[in-house]
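One structure is given below, encoded as structure tokens.
Protein chains: 2
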Amino acid sequence: MAITIKDVAKQAEVSPATVSRVIADNPRISEKTKQKVRETMESLGYYPNFQARNLVAQKTRTIGVIMANSTTLAFQNPFFPEVLRGISVSAHNSQYGIYLSTGATEEEIYDEVVAMDQGKRVDGIILLYSRVGDRIMDYLMKSGLPFSVVGRPHRNADTISYVDNDNISITKQVMSHLIGMGHKRIAFIAGGIDFVVSLDRLEGYEESLAENGISFQEEYIVKQDAMQQDGKKAIRRLFDLEDPPTAIVTHDDLVAYEVIGYLEDLQIRVPEDVSIIGFNNHALSKHLKPPLSSVDICIYELGFEAANLLLEKITDEQAAPRQITVSSRLIERGSCQGR
Amino acid sequence: MAITIKDVAKQAEVSPATVSRVIADNPRISEKTKQKVRETMESLGYYPNFQARNLVAQKTRTIGVIMANSTTLAFQNPFFPEVLRGISVSAHNSQYGIYLSTGATEEEIYDEVVAMDQGKRVDGIILLYSRVGDRIMDYLMKSGLPFSVVGRPHRNADTISYVDNDNISITKQVMSHLIGMGHKRIAFIAGGIDFVVSLDRLEGYEESLAENGISFQEEYIVKQDAMQQDGKKAIRRLFDLEDPPTAIVTHDDLVAYEVIGYLEDLQIRVPEDVSIIGFNNHALSKHLKPPLSSVDICIYELGFEAANLLLEKITDEQAAPRQITVSSRLIERGSCQGR
DNA sequence: CTGAAAGCGCTTACAG
DNA sequence: CTGAAAGCGCTTACAG
Chain A
1 MAITIKDVAK QAEVSPATVS RVIADNPRIS EKTKQKVRET MESLGYYPNF QARNLVAQKT
61 RTIGVIMANS TTLAFQNPFF PEVLRGISVS AHNSQYGIYL STGATEEEIY DEVVAMDQGK
121 RVDGIILLYS RVGDRIMDYL MKSGLPFSVV GRPHRNADTI SYVDNDNISI TKQVMSHLIG
181 MGHKRIAFIA GGIDFVVSLD RLEGYEESLA ENGISFQEEY IVKQDAMQQD GKKAIRRLFD
241 LEDPPTAIVT HDDLVAYEVI GYLEDLQIRV PEDVSIIGFN NHALSKHLKP PLSSVDICIY
301 ELGFEAANLL LEKITDEQAA PRQITVSSRL IERGSCQGR
Chain B
1 MAITIKDVAK QAEVSPATVS RVIADNPRIS EKTKQKVRET MESLGYYPNF QARNLVAQKT
61 RTIGVIMANS TTLAFQNPFF PEVLRGISVS AHNSQYGIYL STGATEEEIY DEVVAMDQGK
121 RVDGIILLYS RVGDRIMDYL MKSGLPFSVV GRPHRNADTI SYVDNDNISI TKQVMSHLIG
181 MGHKRIAFIA GGIDFVVSLD RLEGYEESLA ENGISFQEEY IVKQDAMQQD GKKAIRRLFD
241 LEDPPTAIVT HDDLVAYEVI GYLEDLQIRV PEDVSIIGFN NHALSKHLKP PLSSVDICIY
301 ELGFEAANLL LEKITDEQAA PRQITVSSRL IERGSCQGR
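Chains as they are written, first to last, in the UniProt record's numbering: chain A, 1 to 339; chain B, 1 to 339.
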């Protein structure tokens with residue numbers, strides 16, 4: 001069907017081996033032969049077959065990207081496309097392709113990872129999330145397949161290449177900002193409790209309270225379950241407390257806006273009555289009213305560096321695991337007010 | 001290195017051919033042999049090598065997904081992840097994988113498409129957008145590689161499998177809604193002018209005006225360029241007109257919110273002074289203030305059906321091109337008011 | 001019901 | 001500087 005190396009060889013009156021060497025620009029082939037072979041490749045419209053090439057090279061020049069279960073709101077926020085853009089740029093720079101997981105459940109995704117590894121479909125994997133007790137990460141650890149993670153692994157972090165923000169520190173900065181403005185009753189709308197990023201931010205929250213001599217109150221924590229089941233109710237409950245919060249930190253700007261919507265329904269004004277800060281610095285956050293103060297976590301960088309780390313491991317088997325901390329910073333806008 | 005079919009064959013005391021047949025569950029192999037081979041596959045932890053299998057089968061069970069240049073705000077909106085989710089589900093159902101384009105410029109993407117096709121990396125391609133005079137679509141037409149498109153192709157649409165909303169009709173419905181409320185001066189914030197979807201919506205806009213005896217005014221059209229360069233200025237100009245619009249239709253909810261932000265700066269109230277309607281029904285749109293009326297274009301369906309169409313063509317070479325119209329509907333919320 | 005052989009399209013020691 | 005041969009890991013007519 002398609003033009004193969006043999007067709008080119010015959011036409012150019014050389015052996016297939018020679019054609020192969022010309023493709024690889026092997027210096028032992030004479031310029032004259034190269035010239036001739038290249039011309040016939042051109043005129044025949046020859047294009048090397050990746051599958052065949054990869055089979056003998058025993059690699060694929062493809063990286064697998066594993067995204068978490070995509071059915072949640074999380075998928076509506078810009079994290080995924082933005083991190084993918086970072087990965088794309090790095091992969092493209094090194095002429096690697098991206099193979100994406102398609103599974104909808106953890107079970108399906110696990111099977112895909114096994115298939116990617118054992119079926120030799122990819123040279124390595126980027127895990128786009130880090131959760132507690134994740135089977136997939138355990139599998140990757142054992143498999144020997146190069147991989148990197150966006151987010152600090154819960155266990156054996158020092159033996160794994162990963163990128164992350166300093167979530168504890170940045171959350172403490174967010175808290176200091178609010179506490180510095182006079183806030184003491186600060187609610188925290190947490191992300192999924194099995195994600196390490198959520199744990200880290202919660203830890204930052206708690207540490208900050210402790211360091212500032214403010215007692216931790218369980219009622220100020222809104223779990224993701226509660227938000228997803230009935231966000232409005234969860235927020236109402238917060239403000240039915242004897243001492244309602246005067247500030248709210250949410251794990252995502254989109255959630256912050258959802259909360260702001262509920263607050264308006266409750267006739268609670270932002271920022272006059274309650275201050276609010278989000279994470280992820282959504283493109284909208286500067287346009288909306290109030291403009292939302294938010295933590296820019298540099299999602300693109302996270303993806304870009306995760307890909308770089310992975311390619312490092314793929315290229316050099318001996319490469320030691322590396323950890324990269326991507327900067328993050330609080331962008332102050334109009335959604336906070338002192339008291 | 002890895003366990004191959006030969007290792008299994010040796011261990012199970014059969015030929016490699018037999019092992020291959022057991023994998024394919026060939027009915028001519030005795031149950032006894034199958035049993036034995038399966039056991040040794042299990043105990044050895046054998047897993048078939050995709051590259052080898054694909055090389056002889058001359059296919060890849062992979063579909064290429066080509067996304068547009070990803071540097072714009074478009075990438076911040078949920079279209080991409082949502083359409084990808086639809087594709088993923090369909091692909092996963094048929095046990096196909098997804099190979100993603102990584103290029104940042106049209107040139108790079110074109111080269112990737114050629115590589116995917118000629119290098120036999122994928123069995124077919126989904127083009128996530130349709131633009132006027134697109135080289136990539138021209139290439140695909142000529143190549144013979146199965147492909148499907150999200151969005152109506154600008155030329156030769158009847159020979160191509162694609163999914164789309166009825167953008168002309170839905171835009172006319174949106175306009176009828178506004179006109180029915182008494183609006184006559186309706187501005188239109190358009191998407192990229194080289195996208196067919198933008199042209200269709202603009203056509204719906206113009207047709208609707210004509211049918212309702214309202215004259216078309218060039219000044220009411222805000223082009224994407226103007227919005228991207230200086231959105232605030234573009235909106236201000238709209239309201240500096242002698243007859244400023246009383247309603248605005250935008251091609252995307254995120255843009256609608258950006259506009260609403262500018263309007264607030266200009267002390268123009270929504271919906272009291274001006275009504276506004278978006279497209280894409282972003283998850284936030286029901287939470288924000290005002291809750292935004294928006295057209296739900298069923299993005300997930302677009303992706304899902306595009307993948308189905310592609311798989312149909314991959315599976316059956318003779319399959320005639322099919323076009324699927326995915327439903328869309330205006331969701332009324334609080335951002336419009338009669339006059 | 002099973003095996004030996006050829007082949008998918010390429011690469012790479014080994015010879016010369 | 002170039003070619004013949006073996007091989008990557010699998011599948012599939014062809015025999016028996």
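Note that beta-carbon positions come from the ideal geometry of N, C-alpha and C, so glycine has one too.
Between I126(B) and P321(B), the C-beta gap is not smaller than 7 Å, which leaves the two residues out of contact. E264(A) reaches chain B at K289, counting residues in chain order whose Cβ is nearer than 7 Å. Nearest neighbour of I248(A) by Cα position, chosen from Q229(A), E272(A), Q228(A), turns out to be E272(A). Checking the DSSP bridge columns, you'll see V295(A) partnered with F279(A), L330(A). For I331(A), same chain residues with a beta-carbon under 7 Å away, outside a window of 5 residues either side, are N281, S293, S294, D296 in chain order.
Taking a Cβ-Cβ threshold of 8 Å, the residues of chain B close to H92(A) are T102, G103, A104, E108, in chain order. Taking a 10 Å sphere around the C-beta of F80(A), we find 16 or more other C-beta atoms and assign the residue as buried. Interface annotation for the segment 223-242 of chain A against chain B: empty, criterion Cβ-Cβ distance under 8 Å. Within the UniProt domain "HTH lacI-type" (3-57) of chain A, the residues whose Cβ lies closer than 7 Å to some Cβ of chain B are Y47, P48, N49, F50, Q51, A52, N54, L55, listed in chain order.
At a cut-off of 7 Å between C-beta atoms, Q337(A) does not count as an interface residue with respect to chain B.
When C-beta atoms of the segment 57-70 of chain A are compared with those of the segment 112-124 of chain A, three or more pairs fall below 8 Å, so the two segments count as touching. Counting C-beta atoms within 10 angstroms of its own C-beta, E305(B) has 16 or more neighbours from the protein chains shown and is therefore classed as buried.
The beta-carbon separation of V8(B) and Y46(B), rounded to 5 Å, stays under the 8 Å limit for a contact. When DSSP reads this structure, D164(B) sits in a beta bridge with T325(B). When L311(A), L44(A), Q337(A), S327(A) are compared, the shortest CA-CA separation from S94(A) is found for L311(A). Straight-line measurement puts the Cα of V19(B) at about 47 Å from the Cα of I299(A). Non-local C-beta neighbours of N49(A) in its own chain, meaning closer than 8 Å and more than five positions away in sequence, comprise A2, T4, ordered along the chain.
Contact of Q118(B) with chain A by beta-carbon distance below 7 Å involves Y47. Each residue's CA atom was taken as its position, placing G192(B) and R201(B) some 11 Å apart. Taking 7 Å as the cut-off, the Cβ atoms of A256(B) and G278(B) count as close.
Interface criterion not met: the Cβ of F216(A) is under 7 Å from no Cβ in chain B.
S328(B) is positioned such that its CB atom lies closer than 7 Å to that of I170(B). Going by beta carbons, L302(B) and V163(B) fall inside the 7 Å limit.
Secondary structure of G64(B) (DSSP, three-state): strand. Within the same chain, I189, G231, I235, I248, T250, I276 come within 8 Å of V259(B) by CB-CB distance, once the 5 residues on both sides are set aside. Taking all protein chains in view, the Cβ of L241(A) is surrounded by fewer than 16 other Cβ atoms within 10 Å, so the residue is classified as exposed.
Against chain A, a Cβ distance below 9 Å from R322(B) picks out nothing, because the smallest value is about 23 Å. A direct Cα-to-Cα measurement between E219(B) and R152(B) gives close to 27 Å.
Around the Cβ of G144(A), a 10 Å sphere holds fewer than 16 other Cβ atoms; the residue is exposed. For N167(A), the closest alpha carbon among the candidates L55(A), G338(A), V274(A), I324(A) is that of I324(A). Within chain B, the residues placing a beta-carbon under 9 Å from that of Y99(A) are T62, G97, I98, Y99, L100, ordered along the chain.
Taking each of Q228(B), V326(B), L44(B), L55(B) in turn and checking the Cα distance to K6(B), the smallest one comes out for L44(B). For A9(B), the enclosing alpha helix (DSSP H) has its first and last residue at 5-12. In this structure, the CA atom of E207(A) is about 10 Å from the CA atom of M175(A). Not flagged as an interface residue toward chain B: S143(A), since no C-beta distance is shorter than 7 Å. Its Cα nearest to that of H287(A), the residue G261(B) stands out among L128(B), G261(B), E112(B), D158(B).
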